[in-house]
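Asker:
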Amino acid sequence: MVAWQGIPWKKVHRHVFRLQKRIYRATQRGEVRLARKLQKLLVKSWYARLLAVRRISQDNRGKKTAGVDGVKLLTPARRWRLANAIRLDGQSTPLRRTWIPKSGSDEKRPLGIPTQHERARQTVVRQALEPDWEAKLSPQTYGFRPGRSCWDAIGAIFNAIKARPQFALKADIQKCFDRIDHGALLVKTQASPVIRRQLKAWLKAGILEDNHLFPTTAGTPQGGSISPLLALIALHGMEEAITQVYPKARVIMYADDGVVLHEDRQVLEHGQPLLITWLADIGLTLNPAKSHISHTLEGDPPGFDFLGFNIRQYRVGKYQSGKRSNGQPLGFKTLIKPAKANMAAHLAELGRVIGRGKALPQGALIHQLNPKIRGWATYYRTSVSKAAFGRLDFLTWEKLRSWARRRHPRKTGGWVKKRYWRRVDNRLAFATAATDSDTVHLLTHSAVPITRHVKVRGNRSPYDGDWVYWSTRQGRHPDASPRLAKLLKMQHGRCRLCGLVFQHDDRIEVDHINGDRRNSRYTNLQALHGHCHDAKTREYGDYLPTGMRDKHQDTEERREAKVSCSVL
Numbered sequence: 063m064v065a066w067q068g069i070p071w072k073k074v075h076r077h078v079f080r081l082q083k084r085i086y087r088a089t090q091r092g093e094v095r096l097a098r099k100l101q102k103l104l105v106k107s108w109y110a111r112l113l114a115v116r117r118i119s120q121d122n123r124g125k126k127t128a129g130v131d132g133v134k135l136l137t138p139a140r141r142w143r144l145a146n147a148i149r150l151d152g153q154s155t156p157l158r159r160t161w162i163p164k165s166g167s168d169e170k171r172p173l174g175i176p177t178q179h180e181r182a183r184q185t186v187v188r189q190a191l192e193p194d195w196e197a198k199l200s201p202q203t204y205g206f207r208p209g210r211s212c213w214d215a216i217g218a219i220f221n222a223i224k225a226r227p228q229f230a231l232k233a234d235i236q237k238c239f240d241r242i243d244h245g246a247l248l249v250k251t252q253a254s255p256v257i258r259r260q261l262k263a264w265l266k267a268g269i270l271e272d273n274h275l276f277p278t279t280a281g282t283p284q285g286g287s288i289s290p291l292l293a294l295i296a297l298h299g300m301e302e303a304i305t306q307v308y309p310k311a312r313v314i315m316y317a318d319d320g321v322v323l324h325e326d327r328q329v330l331e332h333g334q335p336l337l338i339t340w341l342a343d344i345g346l347t348l349n350p351a352k353s354h355i356s357h358t359l360e361g362d363p364p365g366f367d368f369l370g371f372n373i374r375q376y377r378v379g380k381y382q383s384g385k386r387s388n389g390q391p392l393g394f395k396t397l398i399k400p401a402k403a404n405m406a407a408h409l410a411e412l413g414r415v416i417g418r419g420k421a422l423p424q425g426a427l428i429h430q431l432n433p434k435i436r437g438w439a440t441y442y443r444t445s446v447s448k449a450a451f452g453r454l455d456f457l458t459w460e461k462l463r464s465w466a467r468r469r470h471p472r473k474t475g476g477w478v479k480k481r482y483w484r485r486v487d488n489r490l491a492f493a494t495a496a497t498d499s500d501t502v503h504l505l506t507h508s509a510v511p512i513t514r515h516v517k518v519r520g521n522r523s524p525y526d527g528d529w530v531y532w533s534t535r536q537g538r539h540p541d542a543s544p545r546l547a548k549l550l551k552m553q554h555g556r557c558r559l560c561g562l563v564f565q566h567d568d569r570i571e572v573d574h575i576n577g578d579r580r581n582s583r584y585t586n587l588q589a590l591h592g593h594c595h596d597a598k599t600r601e602y603g604d605y606l607p608t609g610m611r612d613k614h615q616d617t618e619e620r621r622e623a624k625v626s627c628s629v630l
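In terms of the numbering used here, the sequence shown is residues 63 to 630.
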């Protein structure tokens, strides 16, 4: 037995990922028996158990939250014992009930916190089920899936409406996690008997709140690592309920929120009862207060809000009121901006922080505001947010000016400005004095650059084995070394010599540009095709000086280099 820190984690990751990739491909080919055998092998794998324990005890943000047993942090020795104790025995301990604030509402969201042992077992089962369902889920499902985000869902909506205005049915499922029917969910999982019995034990474990045990007759309690996957499984097939009747309809889902798009309003009006009927089979229903039909270009107001973004189309061009023969407007453009309600909520949160910090030092107040400004602006940096960022910066400035003048009611405005605002990077910023030991300045929303997000391709999944695509997209992948992943991201997935895009079956090698293998800085490295690397080596060799490898060398120097290589 080696120390926990001495475990070959790269080998662990690659072994688990290799099994997951085989499960994914077996499911794609329809080989159900092989997929179940591989899942059984993964569940019993020592490496899979080690990785599960590491994720719940070191990588998980909620690692310090205790379950009903009160255990929080695990020492390396306890991690070893936990990895050895992971077994799927069809039993489970109750969940601990806790309540957290719900964003954008005064309500609170219930969480069911499992013990560390149950979290590890749920992670092992999720590692086995996730690649299987990645091969089954719809390409238009984006929530709770690896390699996908809410930006991809917004990008899918943009692609669906950019050619022509459409009607949109915003479908919000009411209390999705709390009302899923257990029987229907277990049937839809299509898992092996061992995994199905364990899933049933987790679903029926009960909730412990104020020393009282309450039974769980429905729903997947939020808080466990496997709950999001179970919610995805429960909602699988909702898109087909619409598209089988109306093939031209587009259904885009993110977790329990969805949008149905079509040019004809009557299609959406008839499709809404279809959704209600389909959801009733798994114990769910639509939220009437949040589900409605709107048009992306017309109406009062046009557009709709989804995932905190406002999606709307505007008339543009010389003939703004003209229409084509099919009734479509001649000129329009699609703009996606931060929703006004989310802007108001963010500004109110900044106001609460400033209000609570009336007596705080300037540096302490800045340290509380910066993470909120950075996080909010980063989320909306992929949309048309420049005007929104500028307005939020102005309103934040006004709140800080009131904060500063309240602290010094007998001082002039110029004195207050000189006391709390200073020049930083050629702009006036709310900052501490340069003589302070901790000199900080307030970040602005406008300082976050606007960068367009590239939507994930089709039904791509990290388990498809195309680690070139995912390394280029994410900069990291279990099957690629960190050095190669960074080079692929720097080169945008293209070979530096031939300029072609790398394919998933290409042999990729890391080349030292100047031939000095002792210089492994990224400025001296490049990713090349195997055949391009061989051609470069044959032309220049490995023992030439740096100047001989400049791509701008004249023909005479190239000829001399070839002669030198032949002599060596």
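In this text, a Cβ means the ideal position worked out from N, Cα and C, and glycines have one as well. Note that the structure is predicted; figures quoted are calculated from it, not measured.
Given this structure, state the Cα-to-Cα distance separating Pro283 from Asp240, to the nearest angstrom.
Answerer: Straight-line Cα distance between these residues: approximately 7 Å.
Asker: If you drop the 5 nearest sequence neighbours on each side, which residues of the same chain put their C-beta closer than 7 Å to that of Ser154?
Answerer: Closer than 7 Å at the Cβ level, and outside the excluded window around Ser154, lie Glu180, Ala263, Trp264, Ala267.
Asker: Specify the secondary structure class of Phe564 as computed by DSSP and reduced to three states.
Answerer: Three-state result, Phe564: coil.
Asker: I'd like to check one pair, Ile314 with Ile162: are the Cβ atoms closer than 8 Å?
Answerer: Taking 8 Å as the Cβ cut-off, Ile162 and Ile314 do not qualify as a contacting pair.
Asker: How about Leu150 and Leu144: are their beta carbons less than 8 Å apart?
Answerer: Cβ distance not < 8 Å, so Leu150 and Leu144 don't count as in contact.
Asker: Just the Cα atoms here: how many angstroms apart are Leu330 and Ala311?
Answerer: So the two alpha carbons sit approximately 9 Å from each other.
Asker: Can you list, in chain order, the residues of its chain with a C-beta nearer than 7 Å to that of His515? Leave out the 5 residues immediately preceding and following it.
Answerer: Contacts found: Trp213, Gly217, Thr444.
Asker: Going straight from the alpha carbon of Pro437 to that of Thr506, what length do you get?
Answerer: For clarity, residue 437 is Gly in the given sequence; the question names Pro instead. Answer to the nearest angstrom: the Cα atoms are 11 Å apart.
Asker: For Leu242, report the span of its alpha helix (DSSP H) as first-last.
Answerer: The amino acid at residue 242 is misidentified as Leu; the sequence shows Ile. No alpha helix (DSSP H) holds Ile242; DSSP gives it neither H nor E.
Asker: Check this for me: beta carbons of Phe206 and Leu294, under 8 Å apart or not?
Answerer: Contact: yes.
Asker: Does the Cβ of Thr617 have 16 or more other Cβ atoms within 10 Å, making it buried, or fewer, making it exposed?
Answerer: For Thr617, the pLDDT reaches just 38, beneath the cut-off of 50, and the residue's location in the model is therefore unreliable, although a value from the coordinates is still provided. So Thr617 counts as exposed.
Asker: Could you please give me the residues that DSSP links to Tyr204 through a beta bridge?
Answerer: Paired residues: none, contrary to the question.
Asker: Taking a contact to mean a Cβ-Cβ separation below 8 Å, would you say Gln189 touches Gln260 in this structure?
Answerer: No, Cβ-Cβ distance for Gln189 and Gln260 is not below 8 Å.
Asker: When the Cα atoms are used, what is the spatial distance from Ala597 to Glu196?
Answerer: Each residue's Cα considered, the two are about 39 Å apart.
Asker: Starting from the Cα of Tyr316, find the closest Cα among Gly333, Pro309, Gly393, Phe368 and give me that residue.
Answerer: Selected option, being the one with the closest Cα: Phe368.
Asker: Are the beta-carbon atoms of Arg377 and Phe366 separated by less than 8 Å?
Answerer: No, they are not a contact pair.
Asker: So, with DSSP's three-state summary, where would you put Tyr605?
Answerer: Note that Tyr605 scores 39 on pLDDT, short of 50, meaning its location in the model is unreliable; the coordinates nonetheless yield the value given after this. If DSSP states are grouped into helix, strand and coil, Tyr605 belongs with coil.
Asker: In terms of alpha-carbon separation, which member of Thr89, Leu412, Lys551, Asp326 lies closest to Tyr308?
Answerer: That would be Asp326, whose Cα lies nearest to the Cα of Tyr308.
Asker: Reducing DSSP to helix, strand and coil, say where Ala589 ends up.
Answerer: If DSSP states are grouped into helix, strand and coil, Ala589 belongs with the strands.
Asker: Can you tell me whether Ser464 is buried or exposed, with buried defined as 16 or more other CB within 10 angstroms of its CB?
Answerer: It counts as exposed.
Asker: State the start and end residues of the unbroken beta strand (DSSP E) segment that holds Trp161.
Answerer: Unbroken beta strand (DSSP E) run through Trp161: 157-163.
Asker: Have a look at Arg80 and Val115 and give me their C-alpha separation to the nearest angstrom.
Answerer: Spanning the two alpha carbons is a distance of roughly 19 Å.
Asker: Quick check on DSSP: helix, strand or coil for Asn146?
Answerer: Residue state, collapsed to three classes: helix.
Asker: Tell me which residues share the same chain as Thr608 and place their Cβ nearer than 7 Å to its Cβ, disregarding the 5 neighbours each side in the sequence.
Answerer: Residue confidence is low: Thr608 scores 39 on pLDDT, short of 50, so the model does not pin down where it sits. Its coordinate-derived value is still stated next. Answer for Thr608: Asn576, listed in chain order.
Asker: So, at 6 Å on beta carbons, what are the nonlocal neighbours of Pro290 in its own chain, with the 5 sequence-adjacent residues on each side left out?
Answerer: Contacts found: Phe206.
Asker: According to DSSP, is Asn404 helix, strand or coil?
Answerer: In this structure, Asn404 counts as helix in the three-state DSSP scheme.
Asker: Check Asp234 in the structure and name its three-state DSSP category.
Answerer: Three-state result, Asp234: strand.
Asker: Cβ atoms of Ile85 and Gln101: under 8 Å apart, would you say?
Answerer: Cβ distance < 8 Å, so Gln101 and Ile85 count as in contact.
Asker: Please report the straight-line C-alpha distance between Thr513 and Asn432, rounded to a whole angstrom.
Answerer: If I take the Cα positions, the gap works out to 20 Å.
Asker: Taking the straight line between their C-alpha atoms, what separation do you get for Trp477 and Lys461?
Answerer: Roughly 17 Å between the two C-alpha positions.
Asker: Cα-Cα, which of Tyr441, Ser254, Val510 is closest to Lys99?
Answerer: Measuring from the Cα of Lys99, the nearest candidate turns out to be Ser254.
Asker: Could you say if the stretch 224-233 and the stretch 118-134 meet the contact criterion of at least three C-beta pairs nearer than 8 Å?
Answerer: The stretch 224-233 vs the stretch 118-134: no contact.
Asker: Would you kindly work out how many angstroms separate the C-alpha atoms of Val94 and Ile257, rounded to a whole number?
Answerer: Going by the C-alpha atoms only, they are around 15 Å apart.
Asker: Is Asn372 helix, strand or coil when you go by DSSP?
Answerer: In the structure shown, Asn372 sits in a strand (DSSP, three-state: E or B).
Asker: Please give me, in chain order, every unbroken run of the alpha helix (DSSP H) with length at least 4 that falls completely inside the stretch 75-155.
Answerer: You should have 94-105, 108-116, 138-147.
Asker: Confirm, please, whether the CB-CB distance from Pro156 to Val186 is below 8 Å.
Answerer: No, these two residues do not count as a Cβ contact at 8 Å.
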